[in-house]
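Protein chains in written order, with my numbering: chain A, 3 to 134; chain B, 3 to 134; chain C, 3 to 134. Comments concern the structure below.
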C-alpha cells in the first residue's frame with residue numbers, strides 16, 4: 003500500500019526550515035506502521051536535508067555552501083546559479099525507514115527543507131509512504 | 003508491482019547529459035500511473051543529478067566541483083580520484099514520485115547523468131518503477 | 003513484501019568502513035531475489051556512501067571534505083559542526099536495485115558507512131529490502 007501527500011510551506015530565501023512535524027502528520031494520517039517514507043523536494047533550487055536543527059549549525063552549513071558556491075560569485079547562469087549548485091549537491095530526495103508508526107531517525111536527525119533561491123518561495127516536499 | 007529497465011548511453015568525459023525523456027519512456031512502458039521511480043547510476047565515477055539542464059549552469063556546477071576536487075589536483079588514488087569524489091558528493095541514487103503517469107518534477111527539474119570520469123564512458127542508470 | 007534489518011558496527015572517528023558484505027548478508031536472509039534495497043544511516047554525523055573502497059581514495063575524499071568543512075575550522079555550533087556538514091553533504095540514504103538476489107552495484111561500487119564525528123561511535127545503517 004502507498005499513501006501520498008505533500009507538505010507545502012513558505013520558506014524565506016537562504017533559509018532551512020524543519021518539517022519533521024509536518025511529515026509526522028502525513029505518516030499519522032497514512033495509518034501505516036511499518037515501511038518507508040520517501041521525500042522529494044520539488045524545484046531545482048531547494049533540497050531535503052536530514053540533520054540537526056540548530057540555528058548555529060545551519061548558519062555553519064550556509065557558510066560551507068558559500069565556499070563551494072558563493073552568492074556573489076561569477077557564474078554563466080543568470081541570477082541564481084549558486085542556488086542550483088547547492089540544491090544539486092544537497093540532493094532532492096531522501097528515504098527514511100518507518101517502524102511502529104515512527105520514522106527511525108537518530109536523536110539529532112530532523113527533516114528540513116532548504117530554500118537556496120534568491121527569493122522567498124513556497125516550497126513543496128512530496129511525501130510517499132510505502133507500507134510493509 | 004515493480005517494473006525495471008535501464009537507460010544506457012555514451013557520455014563524454016566530464017559531461018552531464020539529460021535523460022529525462024529516456025526515463026519517461028521507461029515509465030510509459032511500465033504502464034504504472036502512480037508510485038515511485040527509483041534511479042541508480044552504475045559506476046563509482048558517475049551520478050544521477052536532478053536539476054536544471056542549462057549548459058551554462060552545468061558549466062558553473064563543473065567549476066564548483068573543480069574547487070572541491072580539482073582535475074589536476076594531487077591525490078593518493080591514481081588517475082581519477084577527482085571523478086570518484088565528485089560522484090560520492092553528488093550521490094548514486096534518487097527517488098521521484100509519480101502521479102497520473104508522470105514524474106512529479108518541478109518546472110526546472112530534469113534528470114541527468116554525470117560522467118565525472120577522465121574518459122568517455124557508456125553509462126547506465128537502472129530505473130525501477132514501483133506502483134501504488 | 004518488505005524485509006528489514008540493521009547493520010551495526012563500531013566505526014572510528016573520521017573513518018569510512020565497507021559494509022557491503024553485511025548488507026549482502028541481510029539480502030541473503032531476506033530471500034528476496036528482485037527489488038530494491040534502501041539504506042538509511044542513523045545519526046546526524048554519519049553517511050552511507052557508495053563508491054570505491056580504496057584507502058588512498060578515502061583519504062583523498064577526507065581531504066576534499068576538509069576543504070569544505072575543516073576539522074579545526076571556526077563554527078558557531080560547538081565541537082563537531084564539521085561532522086554535521088559532511089554528513090549533510092554526503093546524505094543519509096541510498097537506494098540500490100536488486101536482481102537475481104544480488105545488488106546491481108558497479109564493479110567499483112561498495113557500500114560504506116562514514117563516521118564523520120569527533121569520537122569513535124557505534125553506527126547503525128537500517129536496511130530495508132522491498133520485493134518485486
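Using N, Cα and C, we set each Cβ at its ideal position, and we do this for glycine too.
{"Query": "Straight-line gap, residue 116 of chain A to residue 91 of chain C (C-alpha atoms, nearest Å)", "Result": "13 angstroms"}
{"Query": "Closer than 8 angstroms to chain B by CB, residue 37 of chain C", "Result": "yes"}
{"Query": "Residues from the stretch 34 to 64 of chain B in contact with chain A, defined by Cβ distance under 7 angstroms", "Result": "37, 38, 51, 52, 53, 54, 56, 58, 59, 61, 62 and 63"}
{"Query": "Meets three-Cβ-pair contact criterion under 8 angstroms: the stretch 25 to 36 of chain B and the stretch 76 to 96 of chain B", "Result": "no"}
{"Query": "Contact under 8 angstroms by Cβ, residue 21 of chain A with residue 113 of chain A", "Result": "yes"}
{"Query": "Local conformation of residue 46 of chain A per DSSP, three classes", "Result": "coil"}
{"Query": "Minimum C-alpha distance to residue 8 of chain A - residue among B:129, B:131 and B:100", "Result": "B:100"}
{"Query": "Alpha helix (DSSP H) segments (min. 4 residues) lying fully within the stretch 3 to 89 of chain B", "Result": "22 to 32 and 57 to 70"}
{"Query": "Contact under 8 angstroms by Cβ, residue 118 of chain B with residue 48 of chain B", "Result": "yes"}
{"Query": "Member of B:57, B:53, B:108 and B:79 whose CA lies at the smallest distance from the CA of residue 65 of chain C", "Result": "B:79"}
{"Query": "Boundaries of the beta strand (DSSP E) in which residue 95 of chain A is found, first to last residue", "Result": "95 to 101"}
{"Query": "Opening and closing residue of the beta strand (DSSP E) in which residue 130 of chain A lies", "Result": "123 to 133"}
{"Query": "CA-to-CA distance, residue 94 of chain A to residue 127 of chain A, given in whole angstroms", "Result": "9 angstroms"}
{"Query": "Nearest-angstrom Cα separation, counted from residue 123 of chain A out to residue 14 of chain A", "Result": "6 angstroms"}
{"Query": "Test: residue 108 of chain B CB closer than 8 angstroms to a CB of chain A", "Result": "yes"}
{"Query": "Own chain, CB closer than 6 angstroms to residue 18 of chain B, minus 5 neighbours either side, in chain order", "Result": "60, 114 and 116"}
{"Query": "Check whether residue 108 of chain C and residue 46 of chain B have beta carbons under 8 angstroms apart", "Result": "yes"}
{"Query": "Proximity test, Cβ basis, 8 angstroms: residue 69 of chain B and chain A", "Result": "yes"}
{"Query": "Which residues DSSP lists as bridging residue 113 of chain B, in chain order", "Result": "B:52"}
{"Query": "Short CB-CB distance (under 8 angstroms) between residue 92 of chain B and chain A", "Result": "yes"}
{"Query": "Contacts that residue 111 of chain A makes with chain C (C-beta to C-beta distance below 8 angstroms)", "Result": "44, 45, 46 and 94"}
{"Query": "Top-ranked residue by Cα proximity to residue 12 of chain A, from A:125, A:70, A:37 and A:52", "Result": "A:125"}
{"Query": "CB contact below 8 angstroms: residue 16 of chain C versus chain A", "Result": "no"}
{"Query": "Neighbourhood of residue 4 of chain B by C-beta, 8 angstroms cutoff - its chain only, sequence neighbours within 5 removed", "Result": "130, 131, 132 and 133"}
{"Query": "Other residues of its chain near residue 71 of chain C: CB distance less than 6 angstroms, five sequence neighbours each side excluded", "Result": "84, 87 and 88"}
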